[in-house]
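S.K.: Starting off with a structure, shown below.
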Amino acid sequence: MRANEQFSGKGHKIHVCKRCQRLPRSERKAIEDREDIFGFMHQSHISQKNVARLEQLAKSETAQVASLAAIVLEVARVTPYKRRRLKILARNHRDLLRRLDETGLVFAHTWDRLPTEDFTRTDWEQTES
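Quick note: the sequence shown uses numbering that gives the first Met the number 0, first residue 0, plus one each step.
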């Protein structure tokens, strides 16, 4: 959340503030690609167009983007629909669920159910449920 003054006329349409516009194009693209990948996990259905986009992102020059895209691409091929996705992964594909957990992509799947203060926590292992 930024004040309206933080946006120039050029970046306001695409929701990019002045500070982020100063970043190198490759870094800005990597950030946008990561947001796309997390968005795919949040969708109720990962469509064939999304799968094609994930295949492109899996070939990315940025290693982090490529690895995240490869994980989400594998999830899309196993369970393209969001309903009971985590249950299916826990039952049949534990290694894939573990990788989702390690990368934080599992939170993208359930971010509408978690309170916002949970994302600011850094001591996930130490909290008791």
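A virtual CB, placed ideally from N, CA and C, is assigned to each residue, including glycine.
Kindly confirm or deny that the segment 74 to 82 and the segment 35 to 44 touch, where touching means at least three C-beta pairs closer than 8 angstroms.
M.R.: Verdict: yes, contact present.
S.K.: Tell me the rounded alpha-carbon separation between residue 23 and residue 49.
M.R.: 26 angstroms
S.K.: If you run the structure through DSSP and keep just helix, strand and coil, what is residue 112?
M.R.: With a pLDDT of only 48 at residue 112, under 50, the local geometry of the prediction cannot be trusted, and the value read off the model is given with reservation. The three-state secondary structure of residue 112, taken from DSSP, is coil.
S.K.: Between the alpha carbons of residue 89 and residue 83, how many angstroms are there, rounded?
M.R.: Near 10 angstroms, if we compare the C-alpha coordinates of residue 83 and residue 89.
S.K.: Going straight from the alpha carbon of residue 85 to that of residue 91, what length do you get?
M.R.: 10 angstroms
S.K.: In whole angstroms, give me the CA-to-CA distance for residue 32 and residue 93.
M.R.: 26 angstroms
S.K.: In the DSSP assignment, find the alpha helix (DSSP H) that holds residue 19 and state where it starts and stops.
M.R.: Note, residue 19: alpha helix (DSSP H), 17 to 20.
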